[in-house]
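Note sheet for the following structure.
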Amino acid sequence: MDCNGAMNLSRLLPLICCLLLAACQQPPAREPASAAPPGTAIQQLGPYRFAIPVDYFHNQHGPSPDAVGSLVMLLPELGPRPPNALHRPSYSPYMKVQYSFYYVDKVPIDAVLERATSRWYQTGDAYEDNDPREQLALRPAALQLHGLTRHDVDPALFEQHKQRAIAKFGKWQDRTGYGMGDDWYIARDAQGRLRSFIKCDAHQKPDGLLWDGQQYRSTGTFPIAGCEHHFIDRKHNYRIHASYARVHLAQWQAIEAAFHQLLDATQLD
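Numbered according to mature numbering (1 follows the signal peptide of the UniProt record, and there is no 0), the sequence shown spans residues -29 to -1, 1 to 240.
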């Protein structure tokens, strides 16, 4: 090695030593931010992540791989099921509230319920486009119940719809057994926007159950009347669907609040 090479090496040695020392002093690697705390699993929909206790998940294990959240809560407390209760339930099936929720990014979140209660697209078919059972605008307010407004089908408009069916199909066929279809219940917020849309089996159909706040008793009629409950989470841009027995319609606000509270309590980012 010539003198120049030896001099260059002697200049580099201190730098090499400093780099090695710095590498040794690096802090230990931290756990990945995605690690779920014990007893929870990470649910991510859209940009939001939640560390939800596993017993809230439908399978009591964790989220499904598709783009939908699926949770279960038990009435009246609206808490999780007992551990390992999926295949050996120790509770009445009528206590269950089943939630599905989706992240909405293709339309404004406030358009979701408006579309669900209207014929927002037209086909040009008079029978399809003017079905009064499927449009809130064609269902006048009928009564107030549990803080909700029930909107019933206008009988005159329904008769017109039947005549359009006869003209198109040659006959009218009632698939529901109750003529004018399901009951629609609506709640609006202080700004007049749709807050909740609940579709229940027609009120002419018996509940099939009695519930005294603690216990259920069958009345001998089947199937049990149910409700399909649609609401939104503006904070996270989620559309939520909940299903439950109609005897629990009075708990609709608690059913919404329990879902929002769970997300707020478990959100990671």
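Even glycine gets a Cβ: it sits at the ideal position worked out from N, Cα and C.
Nearest-angstrom Cβ-Cβ length linking residue i and residue j, presumed shorter than 8 Å
i	j	result
Leu16	Tyr209	7 Å
His58	Ala221	Their Cβ separation, rounded to whole angstroms, is 31 Å, which puts His58 and Ala221 out of contact at 8 Å.
Ser71	Gly40	7 Å
Ile80	Arg205	6 Å
Val43	His32	That pair is no contact at about 12 Å.
Asp102	Thr94	11 Å between Cβ atoms; not a contact.
Arg217	Gly152	Going by Cβ atoms, the distance from Arg217 to Gly152 rounds to 15 Å, so no, they are not a contact pair.
Leu109	Asp125	6 Å
DSSP-derived helix/strand/coil call for residue i
i	result
Pro16	A small correction: the amino acid at residue 16 is Leu; Pro does not occupy that position in the sequence shown. DSSP places Leu16 in strand when its eight states are reduced to three.
Pro36	coil
Lys176	coil
Lys67	strand
Asp235	helix
Pro103	helix
Gln131	helix
Leu84	helix
Arg159	strand
Leu57	coil
Gln31	coil
Asp26	helix
For residue i, the nearest candidate out of the options (CA to CA)
i	options	result
Ile211	His132, Ala228, Leu220 and Arg217	Ala228
residue 322	Pro34, Phe129, Ala161 and Tyr156	Any answer about residue 322 is impossible in this case: the structure gives the chain only from -29 up to 240.
His174	Gly197, Arg159 and Gly191	Gly197
Glu48	Gln134, Ile203, Leu239 and Val68	Val68
His219	Pro36, Leu45 and Gln14	Leu45
Ala97	Gln134, Thr11, Ala161 and Arg217	Gln134
Ser35	Ala82, Asp76, Gln14 and Arg110	Gln14
Ala56	Lys77, Ala82, Val25 and Lys142	Val25
Tyr215	Leu180, Asp125 and Ala138	Leu180
Cut-off 7 Å between Cβ atoms - residues of its own chain near residue i, not counting five sequence neighbours on either side
i	result
Gln232	none
Thr237	Phe21, Ala22 and Ile23
Residues near residue i in its chain [Cβ-Cβ closer than 8 Å; skip 5 each side]
i	result
Gln115	Arg121
Asp154	Arg121, Asp123, Lys170, Cys171, Asp172, Ala173 and His174
Ala(-1)	Note that Ala(-1) has pLDDT 40, beneath the 50 cutoff, so the model's placement of it is unreliable and the number below is only indicative. Nothing listed; no residue qualifies.
Lys142	Ala136
Close Cβ partners of residue i (< 6 Å) along its chain, the five nearest in sequence each way excluded
i	result
Ser167	Ala158 and Phe202
His200	Ile169 and Ala213
Tyr73	Val39 and Arg210
Val177	Going by the sequence as given, residue 177 is Pro instead of Val. Result list for Pro177: Thr192, in chain order.
Ala113	Arg121 and Asp123
Q: Report yes or no: do three or more beta-carbon pairs, one from the segment 62 to 69 and one from the segment 84 to 97, lie closer than 8 Å?
A: Contact check between the segment 62 to 69 and the segment 84 to 97: fewer than three CB pairs, one atom from each, fall below 8 Å, which does not count as touching.
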